[in-house]
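Q: What follows is a single structure, and I will ask about it in a moment.
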């Protein structure tokens, strides 16, 4: 497809009108072609067009040449240009990956409106092939999305050959990045060695791969929506999942992957497969060294973690478990009752503040915990109470409050008899437990 026709069709299909668009301009053929096509379409679609050039400084002479070329081109075409110098830090990543992160960070900070990048059908096929070699799922095989948040890829249906033919026809120059000619990078190896062999078998490879990517993206969107619906139905108030065994394996995998990610666990093929195996037979599998397990019991999938969390209680916000906030406040009895009536959405408990001895601390479950709950006359084993009254997943997030004399309060079980609020209580310690809106500190 001719680049100008492709860009015009893209803007029409995505309804990009009367808005700011910043073109990512490296000076290479693809980005120059994109900028020219957007310039041609700007009046028709009411685009406020500008360009951004990220100066990596990786090859000093070439970088200065590229920057100068972009400045002269934008001046000639009357397009505002922003040049952003960055310092690429690898930090264990490939140079390509680190440079890409720097570019997108620069776009996020300096680009106005939509950001148009010059990915072509050739780039998309190389991405699909690269991910296939490394191992991926349907989303990875679908390649580069045409639209992602504020990022636009209007040239995804245009091959690199078509880009260069258009520039030659228009008499427009561009610069060549020498690293694109090197086979040191994995993507360049695929580009220069593998893709030409495949094109010998199918001269229309770029077109057919673009069509395949479109099919895969559509099916990925459908499965992602179906998985989100299945996950919402399976999710229990305590964070566990129920009923996964009845789902199609494709939806099982997606729900398990999301469950692992939301619990801060690795969600690669091996981890997802190990958890999926539990659905038929139950049991548990250790996913992280140090005792992080994923378990299936009574049809419910949940995590088990080492019970070793502890923090000194402070008046205000406390965080023992990720995503859960315990707010502690001291009130007169009258004020506490008024406060609780207003904030009914919080799970709240109260105990006598003045009986606390030494340091009060919030902690997770510990072996051998026992106490006499308020209103009872005999000790209760916390373990027995948990097994009888609390779901396996919920047990991992129960809060306990102790002082130097022992256990004072258990979430869901209440205060110990000696710490309970009575008519003689002057000050109440009130605890409100809720999902943290932000990181709890």
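In my numbering, the protein residues as written are -2 to 438.
C-beta atoms are modelled at their ideal positions from N, C-alpha and C, and glycine is treated no differently.
Quick one: which unbroken alpha helix (DSSP H) runs of 4-plus residues sit fully inside the region 33 to 118? Chain order, please.
A: 57 to 74, 92 to 107
Q: For residue 129, does the count of other Cβ atoms within 10 angstroms reach 16, so buried, or fall short, so exposed?
A: exposed
Q: Compare the beta carbon distance of residue 359 and residue 397 with 9 Å and say whether it is the shorter of the two.
A: It is a contact, given that the beta carbons lie within the stated cut-off.
Q: From this set, 21, 60, 59, 8, which residue's C-alpha is nearest residue 40's C-alpha?
A: The candidate whose alpha carbon is nearest that of residue 40 is 8.
Q: I'd like to check one pair, residue 163 with residue 104: are the Cβ atoms closer than 9 Å?
A: no
Q: Compare the C-alpha of residue 31 against each of 136, 71, 113 and name the closest.
A: 113
Q: Between the C-alpha atoms of residue 153 and residue 210, what's the straight-line distance to the nearest angstrom?
A: 10 Å
Q: If residue 257 sits next to residue 263, beta carbons under 8 Å apart, how far is it from one beta carbon to the other, in whole angstroms?
A: 7 Å
Q: Can you give me the C-alpha to C-alpha distance between residue 238 and residue 215, rounded to a whole angstrom?
A: 27 Å
Q: Can you confirm whether the region 50 to 69 touches the region 14 to 33 when touching is taken to mean that 3 or more C-beta pairs between the two stretches lie within less than 8 Å?
A: yes
Q: Once the 5 residues before and after residue 297 are set aside, which same chain residues still bring their CB inside 8 Å of it?
A: 233, 237, 238, 239, 388, 389, 390
Q: Within its chain, find whatever has a CB closer than 6 Å to the CB of residue 96; leave out the 5 residues flanking it on each side and keep chain order.
A: 53, 85
Q: Grouping DSSP H, G and I as helix and E and B as strand, with all else coil, what is residue 212?
A: Looking at residue 212 - three-state DSSP - the assignment turns out to be helix.
Q: I want to know whether the region 359 to 368 touches the region 403 to 422 - three or more CB-CB distances under 8 Å.
A: yes
Q: Residue range of the alpha helix (DSSP H) that residue 322 falls in?
A: Not the alpha helix (DSSP H): residue 322 falls in the beta strand (DSSP E), residues 321 to 329.
Q: Going by C-alpha to C-alpha distance, which of 159, 173, 174 sits closest to residue 167?
A: 159
Q: Restricting to Cα atoms, I'd like to know which of 307, 314, 284, 309 is closest to residue 300.
A: 284
Q: Go ahead and label residue 212 buried or exposed: buried means 16 or more other beta carbons lie within 10 angstroms of its beta carbon, across all protein chains shown.
A: Exposed is the call here.
Q: Along the alpha helix (DSSP H) that carries residue 248, what are the first and last residues, could you check?
A: 246 to 259
Q: On the criterion of 16 or more Cβ atoms from any shown chain inside 10 Å, does residue 2 qualify as buried, or is it exposed?
A: Flag for residue 2 reads exposed.
Q: In three-state terms, what does DSSP make of residue 346?
A: strand
Q: For the candidate residues 255, 204, 191, 11, whose alpha-carbon lies nearest to that of residue 222?
A: 255
Q: If we count the other Cβ atoms within 10 Å of its Cβ and call it buried at 16 or more, is residue 218 buried or exposed?
A: Per the 10 Å Cβ criterion, exposed.
Q: Can the beta-carbon of residue 347 be found closer than 9 Å to that of residue 412?
A: yes
Q: Terminal residues of the continuous beta strand (DSSP E) containing residue 314?
A: Counting along the chain, residue 314 sits inside the beta strand (DSSP E) bounded by residues 313 to 315.
Q: Starting from residue 277 and walking both ways along the alpha helix (DSSP H), at which residues does that stretch end?
A: 266 to 278
Q: Output yes or no for whether 9 Å exceeds the beta carbon distance between residue 46 and residue 20.
A: Closer than 9 Å, so yes.
Q: Closer than 6 Å by C-beta to residue 196: which residues in its own chain qualify, once you throw out the five before and the five after it? Chain order, please.
A: 202
Q: What three-state label does DSSP hand residue 341 in the structure shown?
A: In this prediction, residue 341 scores a pLDDT of 48, lower than 50, which makes its location untrustworthy; no coordinate-derived value is stated.
Q: Which whole-angstrom value is the C-beta distance of residue 110 and residue 18, which I expect to be below 8 Å?
A: With a Cβ gap of about 6 Å, residue 110 and residue 18 count as contacting.
Q: Report yes if the CB atom of residue 204 is closer than 9 Å to the CB atom of residue 118, and no otherwise.
A: yes
Q: Taking residue 400 as part of the beta strand (DSSP E), name the residues at either end of that continuous run.
A: Start and end: 397 to 400.
Q: What is the C-beta distance between residue 442 and residue 6, in whole angstroms, given that I count them as a contact (C-beta under 8 Å)?
A: Not covered by the structure: residue 442. The range shown for the chain is -2 to 438.
Q: Taking the continuous beta strand (DSSP E) assigned at residue 20, which residues delimit it?
A: Following the DSSP letters along the chain, one finds residue 20 inside the beta strand (DSSP E) bounded by residues 17 to 21.
Q: Spatial neighbours of residue 82 within its chain, please: CB distance less than 6 Å, with the 5 preceding and 5 following residues excluded, ordered by chain position.
A: 52
Q: Could you name the residues of the same chain whose beta carbon sits closer than 7 Å to that of residue 64, not counting the 5 residues immediately before and after it, in chain order?
A: Correct list, in chain order: 50, 52, 80.
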